[in-house]
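Undergrad: With the working numbering applied, the sequence shown covers -6 to 193.
Backbone N, C-alpha and C define an ideal beta-carbon position, used for all residues, glycine too.
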Amino acid sequence: MIHARVLGPAAGIPWRPVAALTSVGLLLLGVAATWTTSAVAGTALVVGVAALAAATAYVLDEAAAEAVGAAPTSLRKRSRARLLVAGAVLVAGSMGVAALAVRSGLSARFGVMVWLTGCVLVAVAAAAAWRRHVTEPGDAVGGAMLTVVIALAVVNPLSRWVDVFPSEPDARWEGSFALWGGVGVTCLAVLTRATRDPLA
-6 MIHARVLGPA AGIPWRPVAA LTSVGLLLLG VAATWTTSAV AGTALVVGVA
44 ALAAATAYVL DEAAAEAVGA APTSLRKRSR ARLLVAGAVL VAGSMGVAAL
94 AVRSGLSARF GVMVWLTGCV LVAVAAAAAW RRHVTEPGDA VGGAMLTVVI
144 ALAVVNPLSR WVDVFPSEPD ARWEGSFALW GGVGVTCLAV LTRATRDPLA
């Protein structure tokens, strides 16, 4: 009861997967920051970002949807409270990226925050949209985020036109920023629409 009173609408978040994936993501960013010149650093960076994004996919899960729905709290208000948790994960991840940039001596790596933010926005927007159909979209969206981000990094199907996950100074950052800017705007529009109350 006290737990619910303190956390409010965020009390129903499945904290275990959020905490586990966030910890894994931060650990991998730590690996990338520690061994900056190693071949494993790039892989650890991408998988770490994917894990952090997957963690945020769970913040909109409502296992006790019926009980929550009975309370006089709108869907948008509940969503905002829960998205603060996603914001906290993003801040923690950004601090990890900053540590990586400082440790490597490459200021360009601060730009990784752009695609970290983009991946988080994709995760929460997809979870919000899927929540219109199921009460717990976290597993599906989180799993999809891990799969898609890692697959894009490995296969790199857009390499002819843009670097999707740049981290080096000589990467095509302008195209990447434009890509993630478009993704961000689209996700914000989806998120705004998906968190409207059904009768609004």
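Taking 8 Å as the threshold (C-beta atoms), are A119 and V39 in contact?
TA: Cβ distance not < 8 Å, so V39 and A119 don't count as in contact.
Undergrad: Going straight from the alpha carbon of L77 to that of G86, what length do you get?
TA: For L77 and G86, the distance between alpha carbons rounds to 14 Å.
Undergrad: Give the single residue among T29, S16, E55 and R189 whose Cα lies nearest to the Cα of A94.
TA: Answer by Cα proximity: T29.
Undergrad: Take every Cβ of the stretch 139 to 158, pair it with every Cβ of the stretch 42 to 51, and state whether three or more of those distances are shorter than 8 Å.
TA: Yes, the stretch 139 to 158 is in contact with the stretch 42 to 51.
Undergrad: At which residue ranges does the stretch 131 to 190 contain complete alpha helix (DSSP H) runs of 4 or more residues, listed in the order of the chain?
TA: As far as the stretch 131 to 190 is concerned, its whole alpha helix (DSSP H) runs of at least 4 residues are 131 to 148 and 166 to 187.
Undergrad: Can you tell me whether S212 is helix, strand or coil according to DSSP?
TA: Any question about residue 212 goes unanswered here, given that the chain covers just -6 to 193.
Undergrad: By the 10 Å Cβ neighbour count, where 16 or more other Cβ atoms means buried, how is D163 classified, buried or exposed?
TA: Result: exposed.
Undergrad: May I have the straight-line CA-CA distance separating R189 from A26, to the nearest angstrom?
TA: Straight-line Cα distance between these residues: approximately 40 Å.
Undergrad: So what's R125 in DSSP terms, helix, strand or just coil?
TA: Note: R125 maps to coil in three-state DSSP.
Undergrad: Return the CA-CA distance between D54 and S16, expressed in angstroms with no decimal places.
TA: Each residue's Cα considered, the two are about 19 Å apart.
Undergrad: Assign I(-5) to one of three DSSP states: helix, strand, or coil.
TA: Confidence at I(-5) is low in this model, with a pLDDT of 37, below 50, so its placement is unreliable and the value that follows should be read with caution. Looking at I(-5) - three-state DSSP - the assignment turns out to be helix.
Undergrad: Using CA atoms only, rank isn't needed, just tell me which of S169, T185 and M88 is closest to L21.
TA: Nearest of S169, T185 and M88 to L21, Cα basis: M88.
Undergrad: Measuring alpha carbon to alpha carbon, tell me which residue in A34, R9, L184 and A32 is nearest W123.
TA: Comparing Cα-Cα distances from W123 to each of A34, R9, L184 and A32, the minimum goes to L184.
Undergrad: Less than 8 Å between the C-beta atoms of A116 and A182, yes or no?
TA: Their beta carbons are not under 8 Å apart, which means A116 does not touch A182 by this criterion.
Undergrad: Could you spell out the range, first to last residue, of the alpha helix (DSSP H) harbouring S16?
TA: Run containing S16: W8 to T27, per the alpha helix (DSSP H) assignment.
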